[in-house]
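The sequence shown lines up with residues 160 to 434 when you count with my numbering.
Heads up: the structure comes next, in structure tokens.
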Amino acid sequence: GTGKELVARALHESSHLADKPLVVVNCAALPATLLESELFGHEKGAFTGAVVAKPGLFEVADGGTLLIDEIGEMAGELQAKLLRVLEDGSLRRVGSVKERRVRVRLLAATNRDLLQEVKEKRFREDLFYRINVLTIHLPPLRTRVGDLELLAKHFLGDQWRAAEDLLPTLRKYSWPGNVRQLLNALERAKLLADDEVLSAANLPPEILDSTSSSPVVSVDGDVDLDTLTRQHLVETYRRHGGNKARTARALGIGRRTLYRLLEKYRIATSVSDQV
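Dropping the structure here:
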């Protein structure tokens, strides 16, 4: 979620292997039995459902780069098989005795402390030192404001533009889901945008609700309470893109109360031209 695959892709594309395949597998997404077949391949009839022979991802990535994400989730027997491939450059498909040569640059990613996993006997020590050549630490997205803006612009691409309020709103949010959440939030914003300009109002409610603060109401001279209430209501309604549910939550009132206030102060459904 912190952008491990993006970093892996950048490393691959900036290397001499850029014209070779980059293959990604997530150990947490597959049970051990399927992960073995996915990584090392299988022969026809090796197990129920193996109706044809299939090369594994090591063979698919031959000559290129293989990213094994969440390697800390890999079962012990697969760790041993992986170590053999890294040391010997050869593998056997499931159900085969034939040795197949592969040459792959391995990138491994995890959200676990592998050294601690080694101490607690959950990760092989020999495999740890075999893959621990160069370590890149990726802190949470909330601590990488510069990266956040670069990633947002990357995800927007050339077709979409950011309104003035979009990036400031993104900077205020804590991003517990890291890069994946940022990507999903911007994809949602694209679907809801009326044109090619994305504004904060297009972002998911959880982002708007957590980054919103009480609107600042400017007061010139003597203003009565009704005028202040109406102005505060209009500013909050506009801030939440005319969404009544989010406006009610921000004001701490129920939706029925909000409807009554909108009617009382004659605030139209569209507030773009309200002052």
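Where a beta carbon is used, it is the ideal one built from N, C-alpha and C, also for glycine.
_Using the three-state DSSP reduction, which class does G401 fall into: helix, strand or coil?_
The sequence position of residue 401 within the sequence shown is 242, counting from 1. Reduced to three states, the DSSP call for G401 is coil.
*asked:* If I measure Cβ to Cβ from P364 and keep anything under 7 Å in the same chain, skipping five residues before and after, which residues do I get?
replied: For the purposes of this step, residue 364 is taken as the residue at position 205 of the sequence shown. Excluding sequence neighbours, P364 sits near R405.
*Label Y418 either buried or exposed according to how many other C-beta atoms from any shown protein chain fall within 10 Å of its C-beta, with 16 as the threshold for buried.*
Locating residue 418 in the sequence shown gives position 259, counting from the first residue. Exposed is the call here.
*Grouping DSSP H, G and I as helix and E and B as strand, with all else coil, what is K213?*
As a working note, residue 213 is residue 54 in the sequence shown. DSSP places K213 in strand when its eight states are reduced to three.
_Beta-carbon proximity list for P374, same chain, < 7 Å, skipping 5 on both sides_ = The residue you call residue 374 lines up with position 215 of the sequence shown. Because P374 carries a pLDDT of 46, less than 50, the predicted location of this residue cannot be relied on, and no value is offered for it.
*Whole-angstrom distance between A209 and R262, CA atom to CA atom*: For the purposes of this step, residue 262 is taken as the residue at position 103 of the sequence shown. For the purposes of this step, residue 209 is taken as the residue at position 50 of the sequence shown. Cα to Cα, the separation comes out at about 26 Å.
*Could you tell me whether the stretch 250-258 touches the stretch 219-236, where touching means 3 or more Cβ pairs closer than 8 Å?*
A contact between stretches requires three or more CB pairs, one per stretch, nearer than 8 Å, and the stretch 250-258 fails this requirement with the stretch 219-236.
*Which runs of the alpha helix (DSSP H) fall wholly inside the stretch 216-272 and span at least 4 residues, in chain order?*
216-219 and 235-247
*What are the boundary residues of the beta strand (DSSP E) that includes L181?*
Taking the sequence shown and counting its residues from 1, the one referred to as residue 181 is at position 22. It spans L181 to N185 - the beta strand (DSSP E) in which L181 sits, taken as one unbroken run.
*Distance, Cα to Cα, K444 vs T294?*
Because residue 444 is not part of the residues shown, which for the chain are 160 to 434, the question remains open.
_Sequence-distant residues of its chain with Cβ nearer than 8 Å to R414 (five each side left out)_ = In the sequence shown, residue 414 corresponds to position 255, counting from 1. Taken in chain order, the residues that qualify are K403, A404 and A407.
*Identify, in the order they occur along the chain, each residue of the same chain with its Cβ nearer than 8 Å to the Cβ of V376, setting aside the five sequence neighbours on each side.*
As a position in the sequence shown, residue 376 is number 217, starting the count at 1. Bear in mind that a pLDDT of 48 at V376, under 50, signals an unreliable position, so the model cannot answer this.
*Who are the near neighbours of E276 in its chain, counting only those whose CB is closer than 7 Å to its CB and skipping five residues on each side?*
On the sequence shown, residue 276 is found 117 positions in, with the first residue counted as 1. Excluding positions up to five away in sequence, the list reads G231 and F282.
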